[in-house]
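There are 2 protein chains.
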Amino acid sequence: MYKLLLDNIRRHITLTPEEEAFFVSLLQHRRIRKRQYLIQEGDVCKYETFVIKGCLRAYSVDENGQEHIIQFAEEDWWVGDMYSFTTREPAIFNVDALEDSEVLQLSFENQEELFKTYPKFERFFRIIVQNGFISLQRRVIANMSKPAEERYLDFANRYPSILNRVPQHQVASYLGITPEFLSRIRKQVAHKS
Amino acid sequence: MYKLLLDNIRRHITLTPEEEAFFVSLLQHRRIRKRQYLIQEGDVCKYETFVIKGCLRAYSVDENGQEHIIQFAEEDWWVGDMYSFTTREPAIFNVDALEDSEVLQLSFENQEELFKTYPKFERFFRIIVQNGFISLQRRVIANMSKPAEERYLDFANRYPSILNRVPQHQVASYLGITPEFLSRIRKQVAHKS
DNA sequence: CGTCTATTTGAATGTACTCAAAAGCGGTGG
DNA sequence: CCACCGCTTTTGAGTACATTCAAATAGACG
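These protein sequence lines are chains R and Z, in that order. Quick note: the first sequence, position 162, residue 162 per our numbering, numbers continuous. Every number in our numbering is 193 more than the matching position in the second sequence, counting from 1.
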């Protein structure tokens, strides 16, 4: 159950058996059914969440009721509401499951405990957040500089497994376009080949 | 010269005089003239940069030669190409000065040295990057859910000092719209009041 | 099956862009 | 001190990418 996560960590820092054991002892395992919320806008997000099975999405809902997906999270991904987690303010995102899923959660308190006991985990989480930051920078630039068709093709190329497991309108919501327009784009793309 | 940066750090971690002294000894001071590059796309970004005077911008240039600003950095801000800095790959962003500026730089090697000597700085940089990550998430969502006028007003509200010191077309480039369109938006906004 | 949701298609519309030109503004030098 | 130069901002007209709304079709699940 912990292999995926421990491997994930070992890609960035090295761990002794004691460190592994201590870390694992701080985790909570949780099953989430399809459509179930892991975090709901307005709640305080109390956990960093690592997906070991299934697929989730983090999204916000605007004043017109439109959903905007900030992130998909399948196996081997971290997900959460970083703003709420770090500030203890109400979450600005919803996170729910697109499939029956399983996750491992590390609470804020346990994370602080972990950092205090083994400071090297600060490094691990720094690196994880850095990678997320870099991805977001690329996304901002792509949204500004590329037309929707190209963004769709980039997405299909970069996240083929997600493309194949989530409904098309969710992809549209991630790309920042309407489901109708994504449908037309796909028709276009199909015609070209 | 170091007060601004040390205060910046002290907002997140506490430092002993020795830690401060060691940290400061790792920094390089640099003056940048207006229009001068701090980082050029294709170079490897060797430093984390903290602005103590002036204003810089980080931007990418797309295949049509259009510039897209990912970040402004005035006094008390960090700037750089995180992707290049962490991977040692060529930078995807340019960073240049919008005014004559002064910065403090921490090289990759010195940062690693710092982390090795005083691991608590891992915590500091984790927090800094986390805050950047959170801002970027908000920006992605805003770009997807709000029309340009509202994004402009949000920007004016959130970064009034930047609005007042950088040319309008640079703000347009940050917002992801053309300078012509920003001009029309401002006309609209002025008429409303 | 029947129902609910997802996807596709069509037609009209809107937000934002392009290209071109004019106007404004700031600095520099004669 | 004014004239000129370069750069920024504004304005206008035409256009394009993407949206909205409505309806038809297709798929998935109990």
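Backbone N, C-alpha and C fix where the C-beta goes; we use that ideal spot for every residue, glycine too.
Using CA atoms only, rank isn't needed, just tell me which of Z:T310, Z:A214, Z:I285 is closest to I232 of chain Z. Z:I285
Taking the alpha carbon of Y230 of chain Z as the reference point, which residue from Z:S253, Z:R203, Z:E212 has its own alpha carbon closest? Z:S253
Give the DSSP bridge partners of C55 of chain R, in chain order. R:E74
Should the region 314–330 of chain Z be regarded as contacting the region 123–138 of chain R, the criterion being three or more beta carbon pairs within less than 8 Å? yes
Out of curiosity, what's the CA-to-CA distance linking K385 of chain Z and P340 of chain Z? 16 Å
Less than 8 Å between the C-beta atoms of I334 of chain Z and I162 of chain R, yes or no? no
With a threshold of 8 Å between beta carbons, is G132 of chain R in contact with chain Z? yes
Is R351 of chain Z buried or exposed, if buried means 16 or more other CB atoms sit within 10 Å of its CB? exposed
Are F85 of chain R and F121 of chain R touching if we call contact CB-CB under 8 Å? no
Residues in the region 126–150 of chain R with C-beta within 7 Å of chain Z's C-beta atoms, listed in sequence order? R126, V129, Q130, G132, F133, I134, L136, Q137, R139, V140, I141, N143, M144, S145
According to the neighbour-count rule (16 or more other Cβ atoms, all chains shown, within 10 Å of its Cβ), is A214 of chain Z buried or exposed? exposed
Can you find a CB in chain R that lies within less than 8 Å of the CB of G369 of chain Z? yes
Against chain Z, does H68 of chain R count as a neighbour if the rule is that its beta carbon must be under 8 Å from one of theirs? yes
Does the count of Cβ pairs from the region 164–174 of chain R and the region 281–299 of chain Z closer than 8 Å reach three? no
Grab the span of the alpha helix (DSSP H) containing I370 of chain Z for me, first residue to last. Here I370 of chain Z belongs to no alpha helix (DSSP H), and DSSP marks it neither H nor E.
Helix, strand or coil for L15 of chain R? Go by DSSP, reduced to three states. coil
Does the beta carbon of S107 of chain R come closer than 8 Å to any beta carbon on chain Z? no
Taking 8 Å as the CB-CB limit, is D289 of chain Z close to chain R? no
Shorter than 8 Å from the beta carbon of S253 of chain Z to some beta carbon of chain R? yes
Which of helix, strand or coil does DSSP assign to F50 of chain R? strand
Taking the alpha-carbon of E234 of chain Z as reference, which of Z:R281, Z:S338, Z:M194 has the nearest alpha-carbon? Z:R281
Whole angstroms is fine: what's the gap from P312 of chain Z's alpha carbon to S294 of chain Z's? 30 Å
Out of Z:R331, Z:V237, Z:L219, point me to the one whose CA is closest to Y276 of chain Z's CA. Z:V237
Report the residue ranges of all beta strand (DSSP E) runs contained in full by the region 258–345 of chain Z; include only those spanning at least 3 residues, in chain order. 260–267, 287–290, 294–300
Is there a C-beta anywhere in chain Z that falls below 8 Å from the one on E122 of chain R? yes
Of all the residues that make up the region 66–90 of chain R, which are near chain Z by a beta-carbon distance shorter than 8 Å? Q66, H68, I70, M82, Y83, T86
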